[in-house]
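Below you'll find the structure, written out as structure tokens, and then a few comments.
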Amino acid sequence: MIYTIILIILAIWLAGFVLEIAGGLIHLLLILAIAVFIFNRLSGRK
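For our numbering, count along the sequence shown from 1 and bump the result up by 2.
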């Protein structure tokens, strides 16, 4: 489930980067995806 969310965020980031939507703010999505991935790795499965 979390990987699906990360994949969706990365897809939106890539689309925004390629289509030049939202300027530099689009990179916040990339940072968000990385943060969610790191949090998931550190917390592990419960």
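Positions of the beta carbon are idealized from the N, C-alpha and C atoms, including for glycine.
Element boundaries [alpha helix (DSSP H), containing residue i]
i   : result
I33 : H29 to S45
Euclidean distance between Cα positions of residue i and residue j
i   : j   : result
T6  : F19 : 20 Å
R43 : A24 : 29 Å
Local conformation of residue i per DSSP, three classes
i   : result
L13 : In the sequence as presented, Leu is not what sits at residue 13; that position holds Ala. In the structure shown, A13 sits in a helix (DSSP, three-state: H, G or I).
I4  : helix
Residue i Cβ short of 6 Å to the ligand NAP heavy atom set
i   : result
I14 : The model on display carries no ligand, and the ligand NAP is accordingly not part of it.
Contact check, residue i vs residue j, beta carbons under 7 Å
i   : j   : result
I11 : A35 : yes
L27 : W15 : no
I8  : F39 : yes
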